[in-house]
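Chains as they are written, first to last, in UniProt numbering: chain S, 1 to 449; chain D, 1 to 449; chain X, 1 to 449; chain A, 1 to 449. In this text, a Cβ means the ideal position worked out from N, Cα and C, and glycines have one as well. Since the structure is predicted, the reported quantities are computational estimates derived from the model, not experimental observations. Have a look at the structure below, then the notes.
There are 4 protein chains.
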Amino acid sequence: MSLTVCQNTDDNNNNNSNQGQMNEPAEGGDVTIYRLCAPIASLDCMEEFSGNTGLDLRRSVSLGSKASLKNVSSTPGECKVKSSIVNYTQFVTVLKGLRYKNIGKSGLRVSNVALGTWSVFSTGISEDQAEAIIKLAYESGINLFDLSDLHSGPRAEVEMGNILKKMNWKRMTYVVTVKIYWSSKGEERGLSRKHIIESVRASLKRLQLDYIDIVIIHRADSMCPMEEIVRAMNYVIDKGWVMYWGSSKWSTTEIMEAYTNCREFNCVTPIMEQSEYHMFCRERAELYLPEMYNKIGVGLMAWGPLGMYLTENSERLFFTKGSLRSKTQNSSWTEDEVAKEDRVDEAKKHLEKVRDLNLLSEKLGCSLTQLSIAWTLKHEPVHCLLISAKTVEQLTQSLQALQLLPRLSVSVMLEIERILDNKPVRPPMISTLQMRGLISHVGPDIVEN
Amino acid sequence: MSLTVCQNTDDNNNNNSNQGQMNEPAEGGDVTIYRLCAPIASLDCMEEFSGNTGLDLRRSVSLGSKASLKNVSSTPGECKVKSSIVNYTQFVTVLKGLRYKNIGKSGLRVSNVALGTWSVFSTGISEDQAEAIIKLAYESGINLFDLSDLHSGPRAEVEMGNILKKMNWKRMTYVVTVKIYWSSKGEERGLSRKHIIESVRASLKRLQLDYIDIVIIHRADSMCPMEEIVRAMNYVIDKGWVMYWGSSKWSTTEIMEAYTNCREFNCVTPIMEQSEYHMFCRERAELYLPEMYNKIGVGLMAWGPLGMYLTENSERLFFTKGSLRSKTQNSSWTEDEVAKEDRVDEAKKHLEKVRDLNLLSEKLGCSLTQLSIAWTLKHEPVHCLLISAKTVEQLTQSLQALQLLPRLSVSVMLEIERILDNKPVRPPMISTLQMRGLISHVGPDIVEN
Amino acid sequence: MSLTVCQNTDDNNNNNSNQGQMNEPAEGGDVTIYRLCAPIASLDCMEEFSGNTGLDLRRSVSLGSKASLKNVSSTPGECKVKSSIVNYTQFVTVLKGLRYKNIGKSGLRVSNVALGTWSVFSTGISEDQAEAIIKLAYESGINLFDLSDLHSGPRAEVEMGNILKKMNWKRMTYVVTVKIYWSSKGEERGLSRKHIIESVRASLKRLQLDYIDIVIIHRADSMCPMEEIVRAMNYVIDKGWVMYWGSSKWSTTEIMEAYTNCREFNCVTPIMEQSEYHMFCRERAELYLPEMYNKIGVGLMAWGPLGMYLTENSERLFFTKGSLRSKTQNSSWTEDEVAKEDRVDEAKKHLEKVRDLNLLSEKLGCSLTQLSIAWTLKHEPVHCLLISAKTVEQLTQSLQALQLLPRLSVSVMLEIERILDNKPVRPPMISTLQMRGLISHVGPDIVEN
Amino acid sequence: MSLTVCQNTDDNNNNNSNQGQMNEPAEGGDVTIYRLCAPIASLDCMEEFSGNTGLDLRRSVSLGSKASLKNVSSTPGECKVKSSIVNYTQFVTVLKGLRYKNIGKSGLRVSNVALGTWSVFSTGISEDQAEAIIKLAYESGINLFDLSDLHSGPRAEVEMGNILKKMNWKRMTYVVTVKIYWSSKGEERGLSRKHIIESVRASLKRLQLDYIDIVIIHRADSMCPMEEIVRAMNYVIDKGWVMYWGSSKWSTTEIMEAYTNCREFNCVTPIMEQSEYHMFCRERAELYLPEMYNKIGVGLMAWGPLGMYLTENSERLFFTKGSLRSKTQNSSWTEDEVAKEDRVDEAKKHLEKVRDLNLLSEKLGCSLTQLSIAWTLKHEPVHCLLISAKTVEQLTQSLQALQLLPRLSVSVMLEIERILDNKPVRPPMISTLQMRGLISHVGPDIVEN
């Protein structure tokens, strides 16, 4: 300590403390004034960190040959029981291209690709397989595990707890997220202080952990006052059972309401919203959630790029078409109004897009799924992308998408945009006067003044 | 998860999250704005949920023959030791007609009929009987047990604890409410932080539970500052010993004062007031408590419809007459002013009403007690109605009142109103100028302007 | 429960809940409005409760013959080892005349006479004796034990803990107060969060109790920010280690500062100040502390009426004269300025007063100490008077002073006032203009306008 | 207690409660008014306390002969394994000259010289040696131990815990400070609620203590919102794991931001900043940190006077030159701009200063290190100076610097100032108008008006 170089000016001090790749280093007073005004920390000082390798992929990573991305067999359905065959010892250090980002405007830094466990603990996957997948993820540098499947929930938590116990990794090296589900039926009669506290206690017990890193409330309950929800979340945080909280499938209005209630009752604010985001589901993540991040620091934990909408099977698409439509928010229809023919038309258009994307990914030397993952990661609002896998091979393939990132140049991205043709735009502002039919009788000159 | 349909518009999202029978589904922005303004959640989005059967009684329940309601012998005094004789296996799923409502503007959803234990643990009822009654209630779908008898208090808590331990029901499937009593004499010298904390600790020990769902303070103590009461309640909630709190026999002014103090000191607000409510005791529940619900979210947990005021024994009524008078709030009398003759007159009038109601209930094919229960449940401010029973048969009978509800048509309700002739009305506003004798010298035209 | 009389009007409800002897029952709305405005509850609704006997001494207690007060030998120095000889079984119910008052504007109701343990655990008193004294106090209805001696502190706490353990009285039947001492030397280097928390933990351990009812901080530390003190007190209360807190030897300015800080940081406010108060030390308790009670609800726990200033030994008085002077607050002197002759004069005057008081107490059939205790209890600001004793006989004698209270008529009190001739008055307001010499040049007419 | 002299006027009370050497005793009302306005307690009432000896060094300590300071061999490098040879029993009571000061505007009073353990637990020092050094420090009256070395961190905490356990000193007699380190790499990915809580838990476990007295966060994390940091610190304090918190290497802007956030979210404010301070590193401690103390009560815990910049080896200085430059804050340079020759020049100048200081210390009969320590202690903003040692002899020598203090007269201090020639001055205010080049066209008369 007595040998340390003196850093006696505040300015030096300030600059030195910003490690990692800061594009716009904070400049003393101005930044701080801004921070004190902004709800939490400002967007400007929230930047990404690359992994232990110290290499910033955007600049320095030398990718293998294009073909290398296809080295590992990419048959997703294939499920080998002996996962130890796969040579994943190549991933003991942080995977090339994996980076660490603060999730929302919190101090929690997680890998930009994280493991969702919905496939890991799904039916037919043995405990050994699940363990191998989780081990691969951890050893690749992934530090967030999302336990959030509605159906395999309890099983996932119990098995995850056993694996964590067996692995004996240091608790500070990983982040576990858990979900609170509720329904109006059965035992969990709606969201309530009682249900939230009981759910968290039950999860802790199943996981055999002292605390959960993030608890995510799946769907808000319009019957439960937001004050009760934020106070209950603050309670479980205050008890030391939970570090952070977030939401899933909440409307932006509900997220804002939660934030407002947190501020009113001096409770800890939520840090993230978990939301679907992929090439064919863009509106929410690209138009509305960035506003949540900028205004109240709620970040986006995305999922979705592995979806079957990438297959070229038109019949299945026919039934899931709802998810593929890119609709403007103000249009209104009900299931019945849409003629069956329209739906068939739409499915056809979608299949054409998928075919074009497949061609593009072949040119890039990767699978369409890999392209889909890389495309999602390219979008700044995504702080953390959840991917899942049923086999070690599947996960390996998905992770190789990270090496695709530098190849997604501006021209490639434009080409994808051209194929998709679904870039979301905010609907034009509609004058409420006009809606009430008042303005039609008035000259436009008056309105404009 | 990867197969889930994308719900990419906030509006869709919002609507989808409202499950159950919502008569007036919330419409996006407007509702939320309202919510942020209202003290807690708005009345509009507080709706009832029917039980697991998914049947909404108001529409779909097909009742048996009218006579069926009288199938079980309706002699309330009768007390069979062998309760196992009664065939209650018919109630393993949620009882037809039982519904779940949020209590107050909280997220806690309880059965609209709940079990008060004052008769269950009263003198002469064996442990086996008590267990059978509680088991029947639970298996019928009742999820709230109110431990609140002043006299059998400690015994009730100890036995209830033993039954819950023995039954081993999942903790999230039931709600236990406990009362805090105090007197100015004896050990509990008034309400105080000390008394509240010591009471809760003692109840927890007797019940062998980790936490109580609702703690109800019986009577406010005008000698104890409201700040001390709300801070103590917040303390026991913060300790994890209690989930919610409420009041019993508090004036609306005291409830408002508690709410104001909670807001001032950032404490958790009370969610309910327990109050007497039946055909002959209507003023408080119909005129004043709905205001508490609308303004500060305090709901009504009612008790009373099983009272002996329904018997046709005039002499007993003579002594309990106080409870039967329907008085306007601004009239003043003392016990001594009322001539004995007046009281006899009143008792006679009451007996006539009871006779008329008995005739009506015979027409409807039910007992007067069943009519009384159904009539109370018909009133919207009642979030939860406590009934008690000394035998399994008695409880079975009372629960059958649920099937009477659809038959209480508007005309039947009007007929009851005609018989009772005690619909409470708010006393006319009295001008304070008039009271001071100033206005009598002034023309009415001036006052009206 | 189903038999309870309906109390369906809020007004009735409100009145019925005020049990005990309420001289001015609260009148609905008005009182509550007042309460919401006042810092805590209003003075008006803070009334005294008599003990279990239900008898209000002021009206109904029939005292024994005057002589009876002197039945028990009144030699304070006498110290019998075998305390079991004394027949204190006569006190198993609440002692005649003992009453229960809320301390400060808190809900905590304590006996108006309480046991200070400074003499009980002083040198030379055996454990058996101490136990006998405490047992007598408890069985007489005294429910507060003040462990606050500076010197026998640790011993007092350890022995008190042992006695309480042995007696096994219900925890809710007594109140234990403990003091936090600090000095600028030794281990307890001033008041600090560290010292407060460590002191409370140490006391709890010594007392073998789960919690202390009131923790009193002896002297404020001008070096320690008040925010740190109130936050630390709030911390120990929040931990469940302490129920209430108070102060001792704090200036009224310091008490106000503590209250202000509590309000600013949403901490629990102190409920009492422990202060000396007796016939020859009146200013603080009669002039300044009532303001604390009225404004911020801090009550007075008094001690002092057993002091040796009642002896007629002039020499000892000479040295303790400081405590006997009745000085107005704005006069300034230092020890050196006061001529020795003046001090001798003053001592003589004091002795004359003591002689006159002795004559009066003989007329009333009691000892001077008993008169002193009764006189103190006559003053409304005293919520709780601490007395101590070295023997069971001494305590018995002191408690008999309670029966003297009804005999202290207005004329007797006036006679005492005449003898004492030290009724404190607030010093006249001094114009700061005048102090600065500005006003002397200005005519009085201007000042008065 | 009954014998205590009555202190019945608030003024007396107030004055009496200020023990120790108060130069300017607080005067009743005025001071308190000031306190309520100032953020925390006012500077005026924050004074130093001398140790148990009751002797104020500034006046009464009679030093031994000048030569005595050099009695113990002053070879810092020398490291004797058998530390028991040194006769440190002479220090069983508080060392002459050691004094106790409140750290920041907190109530925590610590010795003005405290033991930093960075050398104590460095490589090559055996457990026995470490124990002997810590024992000497404790027995000399030092009551603060700073565990803050970046590299030996875990080892230091484990060994310190063992020593404290073995010594069994009363917990209230010492203060332990611990640091939270973080990096953007490795497991502690930045500062976050998760990292703070996990770090504190780990330290508690290693130290085998119930609580840490002060937790110091080393470097702020510009990626972590300040709200998250202050809430996490408040959490660990609220859990009872930590008493106080502070910072190290934070800019004054960051300290202000932390304070602002504490006030906004009602969290406990930090009490200290740990910072380098010695003869050749003065700007921060002399110009900027006193403002932090005056405005928000953050005190200075200094380290540094033992640094190797006091050696006369020019080559090593060449590389550490950065720490020796006294630069004005607004000058900007980068490593590359500074010509190598300039650096050599600077190093030469520095060596001349060191030589002059050596001569002066010889005149004063002490070593240069001792002079350096005494010089630092002379500066009022230093509430606590950390010194470390590899041997008992080294610590003994350093502590003897305390006896040098009275000899550092005004003339000696001026002589040192003359030699150093680096008294920091605030840079002149720069008009932003001028910076923008606007003012150059405007006459100075206008600016001055």
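query: Residue interval of the beta strand (DSSP E) (run including glutamine 397/D); result: Not the beta strand (DSSP E): glutamine 397/D falls in the alpha helix (DSSP H), residues 392-400.
query: Buried versus exposed call for arginine 206/S [16 or more other C-beta atoms within 10 Å across all chains shown]; result: buried
query: Where methionine 272/D sits in the DSSP three-state scheme; result: strand
query: Close-in-space but distant-in-sequence residues of the same chain around valine 178/X (CB under 6 Å, 5 per side omitted); result: Leu147, Ser203, Ile212 and Val215
query: Glutamine 208/X burial status per 10 Å Cβ neighbour count (16 or more: buried); result: exposed
query: Under 9 Å (Cβ pairs) to chain X, residues found in the stretch 186-201 of chain D; result: Gly186, Glu187, Glu188, Arg189, Gly190, Leu191, Ser192, Arg193, Lys194, His195, Ile196, Ile197, Glu198, Ser199 and Arg201
query: Against chain S: residues of the stretch 138-150 of chain D by CB proximity under 7 Å; result: none
query: At least three beta-carbon pairs within less than 8 Å, the stretch 181-199 of chain D to the stretch 219-238 of chain D; result: yes
query: CB of phenylalanine 145/X within 7 Å of CB of leucine 115/X, strictly; result: yes
query: Methionine 429/X, buried or exposed, once every other Cβ within 10 Å from all chains shown has been counted against 16; result: exposed
query: Neighbourhood of alanine 287/S by C-beta distance below 7 Å, restricted to the same chain and skipping five residues each side; result: First, the amino acid is wrong: residue 287/S is leucine here, not alanine. Excluding sequence neighbours, leucine 287/S sits near Pro424 and Arg426.
query: Aspartate 210/A: contacting residues in chain S (beta-carbon distance under 9 Å); result: What aspartate 210/A touches in chain S: nothing, since even the nearest Cβ is about 16 Å away.
query: Buried or exposed by the 16-neighbour rule on C-beta atoms within 10 Å, applied to methionine 355/X; result: In the sequence on display, residue 355/X carries arginine and not methionine. Its Cβ having fewer than 16 others within 10 Å, arginine 355/X is exposed.
query: Chain-ordered chain S contacts of methionine 292/D [CB-CB under 7 Å]; result: Within chain S, no residue comes near methionine 292/D; the closest Cβ sits about 15 Å away, beyond 7 Å.
query: Test: proline 154/X CB closer than 7 Å to a CB of chain A; result: no
query: Between the CA atoms of aspartate 421/A and asparagine 112/A - distance to the nearest angstrom; result: 26 Å
query: Nearest-angstrom Cα separation, counted from serine 247/D out to methionine 272/D; result: 6 Å
query: Glycine 240/S beta carbon less than 7 Å from that of tyrosine 277/S; result: no
query: Cβ of methionine 429/S within 7 Å of any chain A Cβ; result: no
query: Cβ pair valine 236/A, glycine 104/A closer than 7 Å; result: no
query: Contact under 7 Å by Cβ, histidine 218/X with tyrosine 244/X; result: no
query: Residues within the stretch 158-174 of chain A neighbouring chain X, beta-carbon criterion of under 8 Å; result: Lys170, Arg171, Met172 and Thr173
query: Alpha-carbon spacing of leucine 405/A relative to leucine 377/A, whole angstroms; result: 8 Å
query: Per DSSP, the bridge partner or partners of glycine 299/D; result: Met272/D
query: Three or more C-beta pairs below 8 Å linking the stretch 154-169 of chain S and the stretch 121-135 of chain S; result: yes
query: Three-state secondary structure assigned by DSSP to serine 189/X; result: The sequence shown places arginine at residue 189/X, not serine. In the structure shown, arginine 189/X sits in a strand (DSSP, three-state: E or B).
query: Exposed unless 16 or more other CB atoms sit within 10 angstroms - verdict on lysine 390/X; result: buried
query: Contact with chain S by proline 381/A, beta-carbon distance below 7 Å; result: no
query: Interface flag, leucine 231/D vs chain S, CB-CB below 7 Å; result: The identity of residue 231/D in the sequence shown is arginine, whereas the question assumes leucine. Closer than 7 Å: no.
query: Distance, isoleucine 373/X Cα to arginine 189/X Cα; result: 37 Å
query: Interface flag, proline 270/S vs chain D, CB-CB below 7 Å; result: no
query: Extent of the continuous beta strand (DSSP E) run through threonine 177/D; result: 175-180
query: Spatially closest choice to threonine 369/S from Lys363/S, Val110/S and Ser398/S, by CA coordinates; result: Ser398/S
query: Test item: CB-CB of isoleucine 419/D and leucine 357/D under 7 Å; result: yes
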